[in-house]
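Engineer: One line per chain: the protein sequences are A and B, in this order.
Residue 25 is where the first sequence starts when you use the working numbering, and the numbers rise one by one after that.
Residue 289 is where the second sequence starts when you use the working numbering, and the numbers rise one by one after that.
Ideal Cβ placement from N, Cα and C applies to all residues, glycine included.
Below you will find the structure I want to go over with you.
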Amino acid sequence: GAGVSQSPRYKVAKRGQDVALRCDPISGHVSLFWYQQALGQGPEFLTYFQNEAQLDKSGLPSDRFFAERPEGSVSTLKIQRTQQEDSAVYLCASSSHTGELFFGEGSRLTVL
Amino acid sequence: QKEVEQNSGPLSVPEGAIASLNCTYSDRGSQSFFWYRQYSGKSPELIMFIYSNGDKEDGRFTAQLNKASQYVSLLIRDSQPSDSATYLCAVNGANYGQNFVFGPGTRLSVLP
Numbered sequence: 025g026a027g028v029s030q031s032p033r034y035k036v037a038k039r040g041q042d043v044a045l046r047c048d049p050i051s052g053h054v055s056l057f058w059y060q061q062a063l064g065q066g067p068e069f070l071t072y073f074q075n076e077a078q079l080d081k082s083g084l085p086s087d088r089f090f091a092e093r094p095e096g097s098v099s100t101l102k103i104q105r106t107q108q109e110d111s112a113v114y115l116c117a118s119s120s121h122t123g124e125l126f127f128g129e130g131s132r133l134t135v136l
Numbered sequence: 289q290k291e292v293e294q295n296s297g298p299l300s301v302p303e304g305a306i307a308s309l310n311c312t313y314s315d316r317g318s319q320s321f322f323w324y325r326q327y328s329g330k331s332p333e334l335i336m337f338i339y340s341n342g343d344k345e346d347g348r349f350t351a352q353l354n355k356a357s358q359y360v361s362l363l364i365r366d367s368q369p370s371d372s373a374t375y376l377c378a379v380n381g382a383n384y385g386q387n388f389v390f391g392p393g394t395r396l397s398v399l400p
């Protein structure tokens, strides 16, 4: 596609529910990143994939967070047993060899 | 100490003036430096990147890098109301793997 596509754009979950956020990167981009952005803050790194390999997951805040990219293209970020502190915008970005990050529009998660 | 620091602002400048945005970073091994612009409710978009000490100009934008002082800045000449946004500084380097570390952002307001 022309850009990075994320879905859903908005998600409201009750505390304790599981959610899945999808990212479809720019075609041909090897690198894919997930970031979490709280209101008024900069993006915080969660995890990084190179093709299907998850090379860095040091930013995932707890074992309730899980990400995968099984075929090296679309990626899913899953949050189990959501908590209120998980409320944020989840940004996906893909990158070519130039190092520039191309961001999707984000998925805004609200946990009630 | 956060790895990438910025003044949160808001920074207000009159239309036509020069806006100066500053960023400091803690890791001396940092190699690549990026400025992203983020409009409210939108995803970040790349404005400029700089790798070498000195100045890099692109239209109304100039990035300045001083690795000895661990300091990178963005100058916006002839500021326009459409430049009003949050400006995010991002740093990448060997110690971060493929990760990009973002600062909290500086909110710029250009007054007509």
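Going by DSSP in three states, B/Pro-369 sits in which element: helix, strand or coil?
Structural biologist: Translated into positions along the second sequence, residue 369 of chain B becomes position 81. Here B/Pro-369 sits in helix by DSSP.
Engineer: For B/Leu-376, which residues in chain A fall below 7 Å Cβ to Cβ?
Structural biologist: Start at 1 with the first residue of the second sequence, and residue 376 of chain B comes out as number 88. The answer, in chain order, is Gly-66.
Engineer: Using a Cβ cut-off of 7 Å, which residues of the segment 48-66 of chain A contact any Cβ in chain B, in chain order?
Structural biologist: Ser-55, Gln-65, Gly-66
Engineer: Can you pull the chain B residues whose beta carbon is under 8 Å from the beta carbon of A/Phe-89, in chain order?
Structural biologist: Reading the first sequence from its first residue, position 65 is the one you call residue 89 of chain A. Per Cβ cutoff of 8 Å: no residues; A/Phe-89 is ~16 Å from chain B at best.
Engineer: So within the segment 34-75 of chain A, which uninterrupted alpha helix (DSSP H) runs reach at least 4 residues, ignoring any that extend past its ends?
Structural biologist: none
Engineer: Run through DSSP, which three-state label would A/Glu-92 get?
Structural biologist: As a first step, residue 92 of chain A must be located in the first sequence, where it is residue number 68. Correct three-state label for A/Glu-92: strand.
Engineer: If you draw a straight line from the C-alpha of A/Ser-29 to the C-alpha of A/Leu-115, how long is it?
Structural biologist: On the first sequence, position 5 is the one that residue 29 of chain A refers to. On the first sequence, position 91 is the one that residue 115 of chain A refers to. Cα-Cα distance, rounded: 10 Å.
Engineer: Please compile the residues from chain A whose C-beta is within a distance smaller than 7 Å of the C-beta of B/Gly-393.
Structural biologist: In the second sequence, counting from the first residue as 1, residue 393 of chain B sits at position 105. Here the neighbours are Gly-66.
Engineer: Starting from A/Asp-80, trace the beta strand (DSSP E) both ways and give me its first and last residue.
Structural biologist: Along the first sequence, one-based indexing puts residue 80 of chain A at 56. Here the beta strand (DSSP E) through A/Asp-80 covers 77-80.
Engineer: Going by DSSP, which residues form a beta bridge with B/Gly-381?
Structural biologist: As a working note, residue 381 of chain B is residue 93 in the second sequence. Bridge partners of B/Gly-381: B/Ser-318.
Engineer: Taking 8 Å as the CB-CB cut-off, is B/Pro-302 touching chain A?
Structural biologist: Numbered from 1 along the second sequence, position 14 holds the residue referred to as residue 302 of chain B. No, its Cβ sits nowhere closer than 8 Å to a Cβ of chain A.
Engineer: Can you tell me which of A/Cys-47, A/Glu-92, A/Lys-38, A/Leu-125 puts its alpha carbon nearest to the alpha carbon of B/Met-336?
Structural biologist: Counting from one through the second sequence, the residue named residue 336 of chain B turns up at place 48. Of the listed residues, the one whose Cα sits closest to B/Met-336 is A/Leu-125.
Engineer: Look at the alpha carbon of B/Leu-396 and the alpha carbon of B/Ala-305, and state the distance between them as a whole number of angstroms.
Structural biologist: Within the second sequence, residue 396 of chain B is the residue found at index 108, counting from 1. Within the second sequence, residue 305 of chain B is the residue found at index 17, counting from 1. B/Ala-305 has its alpha-carbon roughly 12 Å from the corresponding atom of B/Leu-396.
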